[in-house]
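Everything on this sheet refers to the single structure shown next.
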Amino acid sequence: MRYIVIGAGAIGGTIGGRLFASGHEVVLIARGAHLDALRSRGLRLATPDGTSTLDIPAIGSPGELALRQDDVLILATKTQDAEPVLAEWAWQPVRGVTVPHGTAPDETVAADTLPVVCAQNGVASERIALRRFRRVYGMCVWLPATHLANLSNATEAVCGHDAWLHATELRRRVTAEGRAVLDAAGIGYARERESAELRADQVQVVPVNGAERVGGSSWQSLTRGTGSIEADFLNGEIVLLGREHGVPTPLNEVLQRLANQAARDHRAPGSSTPDEVMALAALPAGAG
Numbered sequence: 167m168r169y170i171v172i173g174a175g176a177i178g179g180t181i182g183g184r185l186f187a188s189g190h191e192v193v194l195i196a197r198g199a200h201l202d203a204l205r206s207r208g209l210r211l212a213t214p215d216g217t218s219t220l221d222i223p224a225i226g227s228p229g230e231l232a233l234r235q236d237d238v239l240i241l242a243t244k245t246q247d248a249e250p251v252l253a254e255w256a257w258q259p260v261r262g263v264t265v266p267h268g269t270a271p272d273e274t275v276a277a278d279t280l281p282v283v284c285a286q287n288g289v290a291s292e293r294i295a296l297r298r299f300r301r302v303y304g305m306c307v308w309l310p311a312t313h314l315a316n317l318s319n320a321t322e323a324v325c326g327h328d329a330w331l332h333a334t335e336l337r338r339r340v341t342a343e344g345r346a347v348l349d350a351a352g353i354g355y356a357r358e359r360e361s362a363e364l365r366a367d368q369v370q371v372v373p374v375n376g377a378e379r380v381g382g383s384s385w386q387s388l389t390r391g392t393g394s395i396e397a398d399f400l401n402g403e404i405v406l407l408g409r410e411h412g413v414p415t416p417l418n419e420v421l422q423r424l425a426n427q428a429a430r431d432h433r434a435p436g437s438s439t440p441d442e443v444m445a446l447a448a449l450p451a452g453a454g
């Protein structure tokens, strides 16, 4: 079995690196300077156990790779980038697949046969993938990672990490909106105590090479100036469900808008304070 990691950033790179180090065949998909670095210097994977450099094959597009019937696609891009990436991979031919004459197209493609595992924030990716791929699986990723979900991501990105740590009331109210929407939609979810019990000591955030972790994926998007952010598929998912079920979500709406504005304008994290966010949420719709 070969694992093709589409989006070899913080999460994808770590998953691919761990699989490769365990003896699995892996191909990393990246672009631009990141791809150049992977090809010339390999994947540098730093964990609490040490740092290693892994010589994993890396390519920039599906046209550079002959797909096989034993391939598994791991989608690790940001959710906002999933649609064009899936469209790019879905119709690539797969070798070694035999079908009875007259029962399928002459050329079997990835969408027909290869599984897609979605290793992303939010709950929208699986549905996006199912539009093209027959076999789609959601993956729960407990992996605090940094490249060099949750409703708190936008709060941390908009207000900054330090302010986010102390924004107890803002985080409480944002989460309360999410719970109210999920209750109205009849969608079950894990309470804080249940989530803590499930995670137990399986996920521990510890320094790597002496460096503390300073922010989540949305914070990292603003720090790196990528120009996009995943708020539409985190806070935006709550906003969508709220509008469908008549539940107001003013704080999530404000955070979604501010996060997107910050990404578009290439602002650093911390462009608004928690008090400013709550003040904007108290304004009539369309004001401010």
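Counting in our numbering, the sequence shown runs from 167 upward without gaps. Even glycine gets a Cβ: it sits at the ideal position worked out from N, Cα and C.
Asked: Whole-Å CB distance - V443 paired with L421, under 8 Å assumed; Found: 7 Å
Asked: Chain-order list of residues whose beta-carbon lies under 7 Å from that of R339 (same chain, five-residue window excluded); Found: L417
Asked: Buried versus exposed call for T219 [16 or more other C-beta atoms within 10 Å across all chains shown]; Found: exposed
Asked: Beta-carbon proximity check, A196 vs A242, cutoff 8 Å; Found: no
Asked: Counted within 10 angstroms of its Cβ, other Cβ atoms place I177 as buried (16 or more) or exposed; Found: buried
Asked: 8 Å Cβ cutoff met for I172 and L239; Found: yes
Asked: Integer-rounded CB distance, given that D278 should sit under 8 Å from R293; Found: With a Cβ gap of about 19 Å, R293 and D278 do not count as contacting.
Asked: Touching by the beta-carbon criterion (3+ pairs, under 8 Å), the stretch 431-445 and the stretch 354-362; Found: no
Asked: Residue burial classification, C306 (beta-carbon count within 10 angstroms, cutoff 16); Found: exposed
Asked: Inter-residue Cα distance where the pair is S387 and K244; Found: 10 Å
Asked: Own chain, CB closer than 7 Å to R337, minus 5 neighbours either side, in chain order; Found: S318 and T321
Asked: Nearest-angstrom Cβ-Cβ length linking P250 and V275, presumed shorter than 8 Å; Found: Not a contact, Cβ separation roughly 17 Å.
Asked: Range of the contiguous beta strand (DSSP E) that encloses D237; Found: D237 to L241
Asked: Reference R423, options V324, A290, A342 and S227, closest by Cα; Found: V324
Asked: Proximity to R390 [Cα-Cα], best of H432, A356 and N426; Found: H432
Asked: Where the beta strand (DSSP E) containing R168 begins and where it ends; Found: R168 to I172
Asked: N- and C-terminal bounds of the alpha helix (DSSP H) containing C306; Found: Unbroken run through C306: none, as it is neither H nor E.
Asked: Y169 and H200 closer than 8 Å at C-beta; Found: no
Asked: Whole-angstrom distance between D215 and R374, CA atom to CA atom; Found: For clarity, residue 374 is Val in the given sequence; the question names Arg instead. Cα to Cα, the separation comes out at about 8 Å.
Asked: L209, enclosing beta strand (DSSP E) - first and last residue; Found: L209 to T213
Asked: Beta-carbon proximity of S383 to A429, cut-off 8 Å; Found: no
Asked: Proximity below 8 Å, CB of G183 to CB of L211; Found: yes
Asked: Cα-Cα separation between G179 and H411, rounded to whole angstroms; Found: 38 Å
Asked: Rounded C-alpha distance that separates S291 from R207; Found: 31 Å
Asked: For P259: DSSP bridge partner residues; Found: V275
Asked: Member of L296, E273 and G304 whose CA lies at the smallest distance from the CA of C284; Found: G304
Asked: Residues that DSSP places opposite G216 in a beta bridge; Found: T213
Asked: CA-to-CA distance, A425 to A448, given in whole angstroms; Found: 18 Å
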